[in-house]
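**Q** Chains A and R, in that order, give the protein sequences. The opening position of the first sequence corresponds to residue -8 in my numbering, with each subsequent residue numbered one higher. The opening position of the second sequence corresponds to residue 3 in my numbering, with each subsequent residue numbered one higher.
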Amino acid sequence: MNLVWKLLRQHISIPQFAGFFFANLVGMTIILLGLQFYTDTQAIYQSEDSFMKADYLIVNKRISSMTTITGKSSAFTLPEVQDLDQQEFVERVGLFTSSAYDVKASFRLDEKTSFSTEMFFESVPDEFVDVKSDDWGYQQGSREVPIILPRNYLDLYNFGYAQSRNMPKLSEGILGAIRLKIELSGGGVRDEYEGRIVGFSSRLNTILVPQDFMDWANEYYAGTKTKSPTRLIVEVNNPTDDRITSYLQDNDYETDQDKLDASKQTFLLRIIVGIVMGVGLVISILSFYILMLSVYLLVEKNSTKLENLLLIGYSPARVSMPYQLLTIGLNVLVLAIAIVAMLAVRNVYLEMFESFFPDFETPGIMTTLLAGVCLLVVVSILNVIAIKSKVMSIWKRKD
Amino acid sequence: MKEIVLENTLPKVFVQVKDLQSEVWNHHVTFEKERLYLVEANSGTGKSSLCSYIFGYRKDYEGRILFDGADIAQFKTRHWVNIRKKSLSLLWQELRLFPELTAMENVDIKNKLTGQQSKQQIESWFEQLGIADRMHAKIGRMSFGQQQRVALIRALCQPFDFIFVDEPISHLDDTNSQIVGELLTTEAKRQGAGVIVTSIGKHIELNYDKVLKL
């Protein structure tokens, strides 16, 4: 092999291969970084509200002075729900069930301070709530009810009440450990329950209990099973779809608009990352083109040598091998350096992420590595095939 | 491989030629192992074409060329690689040496592929042909006559059933021509191979079994 390499390395142009090397390095780094950045930012968006996916919208009827005066119902009728369910942009629709009984909740912070308030419960079908099934559910007869509170409540306490009274601020974790005393009454019955806070949601401005519990309690305390829902939870396939906005306007419905904006942001981020990765891919494809041109030129310049090697008994596979190994070696080197570069840049932005989002859990880099290796394999296979076919064209010289 | 048969083989460029005087083109010619052939030719009668056809390097001919009855037009790449490595040796008129390599490296590049000859054997051939002192000189710096001798050594560094030598002594003096002839016939006899020598005038003096006019 040594002598063959001694022959075939003639005419190798260092500037051409260096050009390929750096172009491909830039392209590959951009692709890997884009992919990893996307994975990392997804983790942020997902950690923002672990109970609800971004693709859920909460829809209610618009309440105006007129509805108040005329007493027109703000509840959804069955045909309205069915119509919404049949829209193309809708994946599925869930109904909010509200409590038809009285709810009074209280909790004690310390000896002096306790809160007590009249409140209400709502529930949505369990498949819309993203909590481990062990935590979310209700066994009949149990005195313990899992609850999800709006994050606003926590903010209201921490930044309003606690601030003005010089009280300690509470974290989600501490509050989660506090048990709420809940009193349910209706139909002449009054019972006490213990509320266990399983989490806080910034998407749902309501006090959420499991659907099982709601159904049972409505039946038990109010003797009624269903009440027309005033709010719907809707899973859509693309929150930025224009048809959603126009459908809502046409029917005089409202949605949690800012949440729609949040999902617009993720969507935009996805597009931006997509464009950046696209640029990386274009650079990589161009560099691949440079490499192929360089190798073709090299084969062309060494065509007499290649031909003579073939004529003295070397197989096309054997004379292709030095060039194939050369390109594969370059590709592997590029990937290795690109991974190192990606990790270096990632370290910088991860520090920023962690200072902004203390709860941020760093996702792994396996997906990105795997994507890089896949790209390497595909590009190398293309290189190997192209070189072999170029050598074969010398073999099959036509006179 | 036991025999090479030319069955009405004719270069395409000669198809239009009316009064072609040849004992090879458009005839049935058989080359057998262990025999010595001389193909005499004038310039432009297709001597190098004949070598190229038989070596699978060019295909611009009509008729058929058969190796042990098999039409070589049907041979696949792998088959040809095998033939060039194990059955057919060819000393090209234009030599096809690598000017970037030394004389020894030019021989080695072939011998490493086939593992046919010992280093001592190769060195003794260099000695016999009077180019031992040029063994490590770059081919590009050697005369054509010296290069011819290196190319011959390279051609002998493989197993073969037939060896074609295309004008092997065009640039050699009589003494060296005689040594070339001896090396060629000795190695061919050792391997039981057929030898086909082509010439446009000066040729190696050997006991040819058959002389063909191209």
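We put the beta carbon where it would ideally sit given N, CA and C, even for glycine. Remember, it's a predicted structure, so these values are computed and weren't measured experimentally.
(1) Between Thr104 (chain R) and chain D, is there a C-beta pair that is closer than 8 Å?
(2) Indicate whether the contact test is met: 3 or more Cβ pairs, each with one atom in the segment 203 to 214 of chain R and one in the segment 121 to 135 of chain R, closer than 8 Å.
(3) Under a CB-based cut-off of 8 Å, is Thr200 (chain R) close to chain A?
(4) Measuring only the C-alpha atoms, how far is Pro307 (chain A) from Ala377 (chain A)?
(5) What is the C-beta distance between Asp402 (chain A) and Gly177 (chain A), in whole angstroms, given that I count them as a contact (C-beta under 8 Å)?
(6) Assuming Phe112 (chain A) and Met205 (chain A) form a contact by the criterion Cβ under 8 Å, report the distance between their Cβ atoms to the nearest whole angstrom.
(7) Indicate the three-state DSSP secondary structure (helix, strand or coil) for Ile266 (chain A) in the structure shown.
(8) Using a Cβ-Cβ cut-off of 8 Å, state whether Gln315 (chain A) counts as contacting chain R.
(9) Could you tell me the distance, in whole angstroms, from the CA atom of Leu300 (chain A) to the CA atom of Arg143 (chain R)?
(10) Against chain R, does Lys(-3) (chain A) count as a neighbour if the rule is that its beta carbon must be under 8 Å from one of theirs?
(11) Just reading off the beta strand (DSSP E) that Asp126 (chain A) is part of, what are its end residues?
(12) Please list, in chain order, the chain A residues whose beta carbon lies closer than 7 Å to that of Glu107 (chain R).
(13) Pull up the CB-CB distance for Val31 (chain R) and Leu216 (chain R), whole angstroms please, since I reckon it's below 8 Å.
(14) Taking Glu107 (chain R) as the reference, which of R:Tyr63, R:Ser91, R:Met137, R:Leu154 has the closest Cα?
(15) For chain R, find out if any of its Cβ atoms is closer than 8 Å to the Cβ of Asp390 (chain A); answer yes or no.
(16) Are the beta-carbon atoms of Gly194 (chain R) and Lys35 (chain R) separated by less than 8 Å?
(17) Identify whether Ile5 (chain A) lies in helix, strand or coil by the three-state DSSP scheme.
(18) Please report whether the beta-carbon of Arg86 (chain R) lies at a distance below 8 Å from any beta-carbon of chain A.
(19) Secondary structure at Met343 (chain A), three-state DSSP: helix, strand or coil?
(20) Out of A:Val(-5), A:Trp(-4), A:Ala9, which one is the CA nearest neighbour of Ser278 (chain A)?
(21) So if I threshold CB-CB distances at 7 Å, which residues from the segment 0 to 21 of chain A count as touching chain R?
(22) Compare the C-beta of Arg98 (chain R) with all C-beta atoms of chain A and state if any pair is closer than 8 Å.
(23) State the Cα-Cα distance for the pair Lys87 (chain R) and Leu186 (chain R), rounded to the nearest angstrom.
(24) Quick check: Met110 (chain A) and Ile21 (chain A), are their CB atoms within less than 8 Å of each other?
(25) Near Ser65 (chain A), which residues of its chain fall below 8 Å by C-beta distance, leaving aside the five closest residues on each side in sequence?
(26) What residue range is occupied by the uninterrupted beta strand (DSSP E) comprising Tyr39 (chain R)?
(27) Should Ala139 (chain R) and Thr104 (chain R) be called a contact, given that it needs their Cβ atoms to be closer than 8 Å?
(28) Count the other CB atoms, across all protein chains shown, that sit within 10 Å of the CB of Arg134 (chain A); report buried if there are 16 or more and exposed otherwise.
(29) Within 8 Å (strictly less), CB to CB, does Leu154 (chain R) reach chain A?
(30) So for Asp200 (chain R), helix, strand or coil by DSSP?
(31) Opposite Arg222 (chain A) in the DSSP bridges: which residues?
(32) Ala72 (chain R): buried (16+ other C-beta within 10 angstroms of its C-beta) or exposed?
(33) What are the boundary residues of the beta strand (DSSP E) that Arg187 (chain A) is part of?
(34) Roughly how many angstroms lie between the CA atoms of Ile202 (chain R) and Asn44 (chain R), to the nearest whole one?
(35) Compute the distance between the beta-carbons of Ser24 (chain R) and Gln95 (chain R), then report whether it is under 8 Å.
(36) Looking at the secondary structure, which residues open and close the beta strand (DSSP E) in which Arg170 (chain A) lies?
**A** Here's the rundown:
(1) No chain D is present in this structure, whose protein chains are A and R.
(2) Segments in contact, no.
(3) No, Thr200 (chain R) does not count as interfacial toward chain A.
(4) About 13 Å.
(5) The question about residue 402 (chain A) has no answer here: the residues shown for chain A are numbered -8 through 390.
(6) That belief holds up - the Cβ atoms of Phe112 (chain A) and Met205 (chain A) are roughly 6 Å apart, short of 8 Å.
(7) DSSP places Ile266 (chain A) in the helix class (H, G or I) of the three-state scheme.
(8) No, because no Cβ of chain R sits closer than 8 Å to the Cβ of Gln315 (chain A).
(9) Leu300 (chain A) and Arg143 (chain R): Cα-Cα distance of roughly 21 Å.
(10) Yes, because at least one Cβ of chain R sits closer than 8 Å to the Cβ of Lys(-3) (chain A).
(11) DSSP places Asp126 (chain A) in no beta strand (DSSP E); its state is neither H nor E.
(12) Residues of chain A with a Cβ closer than 7 Å to the Cβ of Glu107 (chain R) are, in chain order, Leu(-6).
(13) Here Val31 (chain R) is actually not in contact with Leu216 (chain R); their C-beta atoms are around 10 Å apart, not less than 8 Å.
(14) When the alpha-carbon of Glu107 (chain R) is set against those of R:Tyr63, R:Ser91, R:Met137, R:Leu154, the nearest one is in R:Met137.
(15) For Asp390 (chain A), the predicted structure reports a pLDDT of 36, less than 50, and the residue's modelled location is therefore unreliable. A value from the coordinates is still provided. Yes, contact with chain R.
(16) Pairing Gly194 (chain R) with Lys35 (chain R) gives a Cβ-Cβ distance under 8 Å.
(17) Helix.
(18) Taking CB atoms only, Arg86 (chain R) has a neighbour in chain A less than 8 Å away.
(19) Met343 (chain A): helix per DSSP, three-state reduction.
(20) With distances taken between Cα atoms, Ser278 (chain A) lies closest to A:Ala9.
(21) Interface annotation for the segment 0 to 21 of chain A against chain R: Gln1, criterion Cβ-Cβ distance under 7 Å.
(22) Yes, its Cβ sits closer than 8 Å to a Cβ of chain A.
(23) Our two residues, Lys87 (chain R) and Leu186 (chain R), have alpha carbons roughly 18 Å apart in a direct line.
(24) 8 Å or more divides the Cβ of Met110 (chain A) from the Cβ of Ile21 (chain A).
(25) Closer than 8 Å at Cβ, skipping near neighbours: Asn51, Lys52, Ile54, Thr58, Thr221.
(26) Tyr39 (chain R) -> beta strand (DSSP E) spans 38 to 42.
(27) In terms of Cβ geometry, Ala139 (chain R) and Thr104 (chain R) form a close pair [threshold 8 Å].
(28) By the 10 Å Cβ count, Arg134 (chain A) comes out exposed.
(29) No, because no Cβ of chain A sits closer than 8 Å to the Cβ of Leu154 (chain R).
(30) Correcting the residue identity first, residue 200 (chain R) is Thr in this sequence and not Asp. Three-state result, Thr200 (chain R): strand.
(31) Residue pairing by DSSP puts Arg222 (chain A) in a beta bridge opposite A:Asn51.
(32) The residue in question, Ala72 (chain R), is exposed, as its Cβ has fewer than 16 Cβ neighbours within 10 Å.
(33) Its beta strand (DSSP E) spans residues 180 to 192.
(34) Each residue's Cα considered, the two are about 5 Å apart.
(35) With contacts defined as CB atoms closer than 8 Å, Ser24 (chain R) and Gln95 (chain R) fail to qualify as a contacting pair.
(36) Per DSSP, Arg170 (chain A) belongs to the beta strand (DSSP E) from 170 to 177.
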